[in-house]
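Counting from 1 along the sequence shown, just add 857 to a position and that's the residue number in the numbering used here. For reference, the structure discussed in these notes is given below.
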Amino acid sequence: MNKLFGLLLAIGFVFVYSPAMARRVKGTTPKQDGFRMPGEFEKQEKVWMVWPERSDTYRNGAKPVQETFVNVARAISEFEPVTMLVSNAQYTNARARLPENIRVVEMSNNDSWARDTGPTFVINDKGEIRGCDWTFNAWGGLVDGLYFPWDDDDKIAQKICELEGIDSYRTEGFVLEGGAIHTDGEGTLITTEMCLLSKGRNPEMSKEQIEDKLKEYLNLEKVIWIKDGIDPDETNGHVDMVACFVRPGEVACIWTDDPNHPYYKECQAAYKTLSEATDAKGRKLKVWKLTMSKEPVYLKDAGSVDYAENAVPRKNGALCDASYMNFLIVNGGVIAPQYGDEYDALALKQLQEMFPDRKVVGVNTLELIYGGGNIHCITQHQPAVTR
């Protein structure tokens, strides 16, 4: 036996652990196979991110926003592992800037929004995990998408699943992004009509058909529809800027009682909808109020953003989505946006009250909202399972 082992080593044959081969699941849905989308507050294995570099999206050659990504990744890594996906051109730069405990993997991409391009993971009671690989078209395709092409982004979910040895379901032709959905893990999902019924996603489908699709792929019994989001020009109103499940039966909702605030009507309407809603188990939701920034935030220095014919241009004075709701729940923690606003401390206090058993960590994310998103938008969490 020792001679055989030595021979195998001599010819370069070594035994190493590797994930199982990932396959495309065909002919069934996650619900039929017993998989469900867990709540973000459930145990996680790791977080995925994609390194930013587009100079036609981010200011000053994307260097300031890269610093913000480093700060967000570092904050998350205090609670769980982080993998950063990076293009070939930026690999050396990203590896040098990121802490050593953050894994860096080369992967082609069009932009840096891992929540929307990464897989939505589903799990079952047997300790298994799979991924939902939604069709991605840059938030609206040729109707009102933000850039072209988006083909590399549309492959990221499959590539992540293959890296992890995770089987996946491809929803070819059905467009959805992870930022458009939040679930309680017990059969209830919240989303917005502004996003899912937009003309650039699935215009051939009715609201009922879209709801049925969500129920089959995320194992749902009920969908709660909030009418409008707060970012019609970016994602057509993703729900992760508006509301989030804190735990089963409890949701957080953006809030302002200032009638002069640009998002006053959206806050009031979303709160009313959630306050009147019940979940899949018939529970009346407890709704936590999470403040908006006191002062609206507007894009500055748009002249440092490159103009490109294949991307929607950024303009000085554009209203940015300074929502504290776009936080990320991690194991034992919450990573929350900060803007240098008078209400920064209030937002952290409110989040700590919602999550008394987690450490709330604030990170300045002005550069993210200048680019059209925030912490939840640039991260995709992978649930923990025993495999």
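Even glycine gets a Cβ: it sits at the ideal position worked out from N, Cα and C.
### Message
My parser needs the beta strand (DSSP E) runs of 3 or more residues fully inside the stretch 1115-1155; what are they?
### Response
1143-1148
### Task
Starting from Ser1025, follow the beta strand (DSSP E) in both directions and report where the run begins and ends.
Asp1024 to Val1032
### Anticipated Cβ contact below 8 Å, Asp1257 with Cys1018, distance rounded
This structure cannot settle anything about residue 1257, because the visible part of the chain is limited to 858 through 1244.
### Query
Rounded C-beta distance between Phe898 and Val1103? I'm assuming under 8 Å.
7 Å
### Span separating the alpha-carbon of Ala930 from that of Val904
9 Å
### Message
Taking contact to mean 3 or more Cβ pairs, one atom from each stretch, closer than 8 Å, check whether the stretch 1004-1011 and the stretch 1029-1047 are in contact.
### Response
no
### Task
Kindly indicate which three-state DSSP category Val1169 falls into: helix, strand or coil?
coil
#### Entry: Residues that Ile986 bridges to, as DSSP identifies them
Ile980
### Task
Please name the residue or residues paired with Cys1101 in a DSSP beta bridge.
Ala1109
### Buried versus exposed, by CB contacts within 10 Å (16 or more), Lys900
exposed
#### Entry: Cross-strand partners of Tyr1004 (DSSP beta bridge)
Ala1168
### Query
Which residues in the same chain as Ser934 place their Cβ atom closer than 8 Å to its Cβ, once the five residues preceding and following it in sequence are excluded?
Pro956, Asn958 and Ile959
### Task
Assign Lys920 to one of three DSSP states: helix, strand, or coil.
helix
### Query
Which partner residues of Trp970 appear in the DSSP bridge assignment?
Answer is none; Trp970 lacks a bridge partner.
### Message
Measuring straight from C-alpha to C-alpha, what distance separates Gly997 and Ala1037?
### Response
13 Å
### Query
Taking the DSSP output, what are the residues bridged to Ser1180?
Met1149
### Task
Give the single residue among Val1191, Tyr1227 and Tyr1164 whose Cα lies nearest to the Cα of Phe1300.
Missing from the structure shown is residue 1300; the chain here goes from 858 to 1244 and no further.
### Message
Quick check on DSSP: helix, strand or coil for Lys1216?
### Response
strand
### Query
Ordered along the chain, which non-local residues of its own chain (more than five positions away) have a Cβ less than 6 Å from that of Val1144?
Val1108, Cys1110, Leu1131 and Ser1132
### Query
What is the DSSP secondary structure of Gly869, reduced to helix, strand or coil?
For Gly869, the predicted structure reports a pLDDT of 48, less than 50, and the residue's modelled location is therefore unreliable. A value from the coordinates is still provided. The answer is coil: DSSP assigns Gly869 none of H, G, I, E or B.
### Task
Using DSSP bridges, identify the partner residues of Asn1221.
Gln1195
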